[in-house]
Amino acid sequence: MDKTVQTQFGANAASYASSPVHAKGASLARLVELVAPQPDWQVLDVATAAGHTAFAFAPHVEWVTAVDITPEMLTVAVEEAAKRKIENITLQLGNAEALPFEDDIFHLVTCRIAPHHFNDIDQFLREAARVLRPNGMLAIVDNVVPGSYRRGKKARRQRQSAAARAAGEYVNAFEKLRDPSHHRCLAVWEWETAVKQANFAVISTETIPKTMNFHRWAARMNVSPADTIRLQAMLLQSPAPVAAFLTPQVSSDRIEFFLTEAILISRKIEGRDRG
Amino acid sequence: MSETDTLPISADLLEILRCPVAVQSDEYGDDPGRLELVHNSWLVCADSGYKYPIRDGIPVMLIEEGEKWKETAVADLPVPPSA
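First to last, the sequence lines map onto chains A and B.
End of the first sequence = 1017 in the numbering used here, gap-free, step of one.
End of the second sequence = 192 in the numbering used here, gap-free, step of one.
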């Protein structure tokens, strides 16, 4: 993404509107590449926030409609769209779990780094299936927690083990202490199961690790000093399966760790009624 | 063109937008939740009775917002929509 565009973010933009993780994350370019959007497509971006994903797809498609539940974020997105002179976009307030659109109209539904805030991911997936045309594509990017995404018996044993589940819960608790609006990150296998249940066929799954600077990560959510110490303890004293996932690294001037983003592309299965 | 220029939202968007409550229901026929633009600033769903304001050009399609105006008669809706 164009660096000069990023510096244009107004002073009133929310801190993550200019956050490199959200604006420039490797997953955004990779997402567009994997989806291969077509010029005649109608696209819906769910929980668009500052609009980064919607803006990335707009030049490649006919029209992007973007919804978010937060008026303040949408105001930032409207201003940003005007600044970038993106004209094939509509922004409106809407809830991922009750989308304000008729059935079967979009070629693509995207949702990036947002589902972990949703109360009911299954309901969001049902809504995405409803508004997508037959064979329409669903592209999800979100942080994931530990849990194997390999197929086969060994993977099944691994994911069902109490240790794997506990590690996932630990990472979710870690995220929730930092951000109370964090609801739950799924493991990759949980995503695959959820989209299949919502009448999608999985096309591809990829994961991308991203390095986080611990103190900047905490500061972005205005975590109190006391909670920052708690988070640091959770990170540095995490049990082995969690440490293997977060891989905390302490150097003289900083603490770093890894979070993992998954990109899940799936397709709405044709010819089966909803409900 | 002059007619569409005065619309607060595009005609294409109005065509695909639906009431998020009515669209979930089987009670209203084949195409539930159609919206009608009134006072050039409100989207009214005849099926559910929910009414959604358009503020600063942004349709507010949230269920709780539509519900707030459910009992208000169309003639009594504030123009422009109050916050």
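Using N, Cα and C, we set each Cβ at its ideal position, and we do this for glycine too.
At a cut-off of 9 Å between beta-carbon atoms, B/S119 makes contact with chain A. Between A/L1001 and A/Q939, the C-beta spacing is not below 9 Å. The CB of B/D140 comes closer than 8 Å to the CB of E844 in chain A, given here in chain order. With a cutoff of 9 Å on beta-carbon distance, A/V803 and A/L880 are scored as not near each other. Apart from the 5 residues on each side of it in sequence, A/F799 sits with its Cβ closer than 6 Å to the Cβ of P779, V785 and V806 in its chain, given in chain order.
Note on the region 763 to 800 of chain A: whole beta strand (DSSP E) runs with a minimum of 3 residues are 784 to 788, in chain order.
Taking a cut-off of 8 Å on C-beta distances, the region 828 to 837 of chain A does not touch the region 960 to 979 of chain A, as fewer than three cross pairs fall below it. In the DSSP annotation of this structure, the continuous segment of the alpha helix (DSSP H) that includes A/A936 starts and ends at V930 to Q939.
Proximity of A/P813 to chain B, defined by a Cβ-Cβ separation below 9 Å, is satisfied. Of all residues in the region 865 to 877 of chain A, none places a beta-carbon less than 7 Å from a beta-carbon of chain B.
When A/P876, A/N914 and A/W783 are compared, the shortest CA-CA separation from A/N830 is found for A/W783. Interface criterion not met: the Cβ of B/P190 is under 9 Å from no Cβ in chain A.
As the crow flies, the alpha-carbon of A/S769 is around 33 Å from that of B/Q133.
Residue pairing by DSSP places A/Q979 in no beta bridge whatsoever. Per DSSP, reduced to three states, the secondary structure at A/K827 is coil, with no helix or strand assignment. In this structure, the beta-carbon distance from A/H794 to A/H859 does not fall below 9 Å. One alpha carbon belongs to A/R996, the other to A/A819, and they sit about 33 Å apart.
Contacts between A/I847 and chain B, judged by CB atoms closer than 7 Å, involve I125 in chain order.
When 9 Å is used as the limit between beta carbons, B/L171 is near these residues of chain A: I811, L835, G836, N837, A840 and P842, in chain order.
Taking C-alpha positions only, A/Q865 is separated from A/M815 by approximately 23 Å. Taking a C-beta distance under 9 Å as the contact criterion, A/L1006 and A/E917 do not qualify as a contact pair. With the criterion set as a beta carbon lying under 9 Å from some beta carbon of chain B, the members of the region 816 to 833 of chain A are L816, T817, V820, T832 and L833, in sequence order. Nearest neighbour of B/A182 by Cα position, chosen from B/R164, B/W151 and B/G138, turns out to be B/W151.
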